[in-house]
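Structure record follows, encoded as structure tokens.
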Amino acid sequence: MVFLTMSDVEVQKTIGLYCSLMDEIKFRIEWIKSVIHAKISIAETIGRDIGFLELRLICELIALSCAVAHGDIKETRRGRFTEKYQADFFMKALEALKSDFYPKPMLMIEGQPPIPTAVGQIVLPPPPMQSGFLTKSDLVKLYRDCGERLHRGYLPDILDGKQIESEYSMIGKAVDKIVYLLNYHAIDLITGEEMWCAMIGGPNGEAFAGKVTARRVP
Numbered sequence: 092m093v094f095l096t097m098s099d100v101e102v103q104k105t106i107g108l109y110c111s112l113m114d115e116i117k118f119r120i121e122w123i124k125s126v127i128h129a130k131i132s133i134a135e136t137i138g139r140d141i142g143f144l145e146l147r148l149i150c151e152l153i154a155l156s157c158a159v160a161h162g163d164i165k166e167t168r169r170g171r172f173t174e175k176y177q178a179d180f181f182m183k184a185l186e187a188l189k190s191d192f193y194p195k196p197m198l199m200i201e202g203q204p205p206i207p208t209a210v211g212q213i214v215l216p217p218p219p220m221q222s223g224f225l226t227k228s229d230l231v232k233l234y235r236d237c238g239e240r241l242h243r244g245y246l247p248d249i250l251d252g253k254q255i256e257s258e259y260s261m262i263g264k265a266v267d268k269i270v271y272l273l274n275y276h277a278i279d280l281i282t283g284e285e286m287w288c289a290m291i292g293g294p295n296g297e298a299f300a301g302k303v304t305a306r307r308v309p
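In structure tokens:
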């Protein structure tokens, strides 16, 4: 594995791109919610297809955002990383480079800004979320399950007259897990630093992120 030294400009560009991907995920989540909560008049079977398609795209966006965050690992900028879009490929390839590449959901500390904004600012390390979020294995399974559900079905099912179910409950639970994962999270970088991100929004309601040194207990 080759480590690249990134300039301050490159770091800020990476953070900006990462946040834009978080905002896209948030946008797609709101559309899913509009469908499953009947804010949009649409047939349930079509709503189901939209939900699974958007979930599959969100899985890809999460995997791609991990590759973006780890841009200081040279391998993420060449070879198959530049030729693939599949979420399960990125998850496996990143795991081989750095096992702790995935977002780590955190709990906000009351009275403390979620993202440090000043150089040298000392903050308490947010406690990790223990459960309820989309894990690495969950993401790969969800990605593949969504792919299966985006097909009309097998011939025997068609011949037997099997009906398509809306599966809104499954879609809603997957959305909740994604939100718990990304609302407030950290990514451990190869440098020993971290990137903290608040997808729920910083200024102007957009995703907000910053690079911090390794956590220290005061």
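Here the numbering used here is used: the first residue of the sequence shown is 92, the next is one more, and so on. Glycine included, each C-beta is placed from N, C-alpha and C at the ideal position. Just so you know, these numbers come straight off a predicted model, no measurement behind them.
Closest Cα partner of residue 160 within the set 106, 121 and 145: Sequence index remark: in the sequence shown, residue 160 carries index 69 (1-based). Measuring from the Cα of residue 160, the nearest candidate turns out to be 106.
Distance, residue 192 Cα to residue 186 Cα: As a working mapping, residue 186 is identified with position 95 in the sequence shown. As a working mapping, residue 192 is identified with position 101 in the sequence shown. Distance between the alpha carbons of residue 186 and residue 192 is about 7 Å.
From residue 281 to residue 208, what does the alpha carbon distance come to, in whole angstroms? In the sequence shown, residue 281 corresponds to position 190, counting from 1. In the sequence shown, residue 208 corresponds to position 117, counting from 1. So the two alpha carbons sit approximately 22 Å from each other.
Between which two residues does the alpha helix (DSSP H) carrying residue 271 extend? The count along the sequence shown starts at 1 and reaches residue 271 at position 180. 259 to 273 is the extent of the alpha helix (DSSP H) around residue 271.
Starting from the Cα of residue 115, find the closest Cα among 292, 302 and 301 and give me that residue. Residue mapping note: residue 115 aligns to position 24 of the sequence shown, counting from 1. Nearest C-alpha to residue 115: 292.
So, is residue 274 buried or exposed, given that buried needs 16 or more other C-beta atoms within 10 angstroms? In the sequence shown, the residue the question calls residue 274 occupies position 183. The residue is buried, with at least 16 neighbouring Cβ atoms inside 10 Å.
May I have a chain-ordered list of the alpha helix (DSSP H) segments no shorter than 4 residues that lie completely inside the segment 93 to 167? 99 to 127 and 135 to 160
If the criterion is Cβ atoms closer than 8 Å, does the pair residue 338 and residue 120 meet it? As displayed, the chain neither begins before 92 nor continues past 309, which places residue 338 out of reach and without an answer.
Mapping the DSSP letters down to three states, classify residue 296 as helix, strand or coil. To locate residue 296, count along the sequence shown from 1; it is residue 205. DSSP places residue 296 in helix when its eight states are reduced to three.
So, with DSSP's three-state summary, where would you put residue 279? Position 188 of the sequence shown, counting from 1, holds the residue named residue 279. Strand, per DSSP.
For residue 195, which three-state DSSP category applies? Taking the first residue of the sequence shown as 1, we reach residue 195 at position 104. Note: residue 195 maps to strand in three-state DSSP.
Sort 255, 117, 108 and 100 by Cα distance to residue 296 and report the nearest one. The residue you call residue 296 lines up with position 205 of the sequence shown. Closest option to residue 296, Cα to Cα, is 117.
Just confirm the distance between the C-beta atoms of residue 113 and residue 154, as a whole number of angstroms; I'd bet it's less than 8 Å. In the sequence shown, residue 113 corresponds to position 22, counting from 1. In the sequence shown, residue 154 corresponds to position 63, counting from 1. Incorrect: roughly 13 Å between the Cβ atoms, too far for contact.
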